[in-house]
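Just so we're aligned, residue 1020 is where the sequence shown starts under our numbering, counting upward by one. Note that CB positions come from ideal geometry on N, CA and C, so glycine has one too. Working notes, structure below.
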Amino acid sequence: MGFEKFGKISYTSETKVKDFVNYLEKGKIMATQCRMCKKIYFPPRMDCSNCLSVDRMNWREINNEWTLITYTTAHFAPTGFEDDTPYMLAIAESAEGLKLFARLSKDVSEDQVKLGMKLKLTPVKLPNGKIVYEFKPLGE
Ligand SMILES: [Zn+2]
């Protein structure tokens, strides 16, 4: 029950944040926040690159309201994602000022996408049992 369940390919170097996957499975989008300097990380990390503290993170649920900044349609995909093209990739900013690059749900067609639209991050279970997150329009 660790990060090997996150994404279609393995993230074995990220085992420190395996709790993140457990939260995703419960439908919770969690970030880490440094206890020392208060910096918030999403995707979560356990070491602070801001003040260099190690293992001084608290988990906190993010304010799950994002604003679409830009997006692109991917016709070529990295290993593990070839069968999914084309899909849309978005960069959005959260109310807390986090910026995140993630896929847009396939439920959204390209003519529905507008810059500045509100999005929320949603965990998605894949048929192979792995779990990822993607953006969906807020209010769905
Ligand atoms: Zn810090």
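For this session: Please report the residue range of the alpha helix (DSSP H) in which E1044 lies.
Result: First-last of the alpha helix (DSSP H) with E1044: K1037 to E1044.
Problem set entry | Burial state of F1120, where buried means 16 or more other Cβ atoms lie within 10 Å | By the neighbour-count rule (16 or more Cβ atoms within 10 Å), F1120 is not buried but exposed.
For this session: Could you tell me if the beta carbon of K1058 falls within a distance shorter than 8 Å of some heavy atom in ligand 1?
Result: Flag set: Cβ of K1058 near ligand 1.
Exercise. For S1128, is the classification buried or exposed, using 16 other Cβ atoms within 10 angstroms of its Cβ as the cut-off for buried?
Worked result: By the 10 Å Cβ count, S1128 comes out exposed.
For this session: Could you tell me the boundaries of the beta strand (DSSP E) in which C1053 lies?
Result: It spans M1049 to C1053 - the beta strand (DSSP E) in which C1053 sits, taken as one unbroken run.
Problem set entry | Ordered list of beta strand (DSSP E) runs contained in the region 1069 to 1148, each at least 3 residues | Listed in chain order, they are 1076 to 1080, 1085 to 1093, 1106 to 1113, 1118 to 1122 and 1137 to 1144.
For this session: Give me whichever residues DSSP pairs with K1155 in a beta bridge.
Result: K1155 is bridged by DSSP to K1139.
Problem set entry | the region 1088 to 1106 / the region 1065 to 1079 touching (three or more Cβ pairs under 8 Å) | Contact between the region 1088 to 1106 and the region 1065 to 1079 is absent, because fewer than three Cβ pairs lie under 8 Å.
Exercise. Who are the near neighbours of M1107 in its chain, counting only those whose CB is closer than 6 Å to its CB and skipping five residues on each side?
Worked result: Same-chain partners within the cutoff: Y1090, T1092 and L1123.
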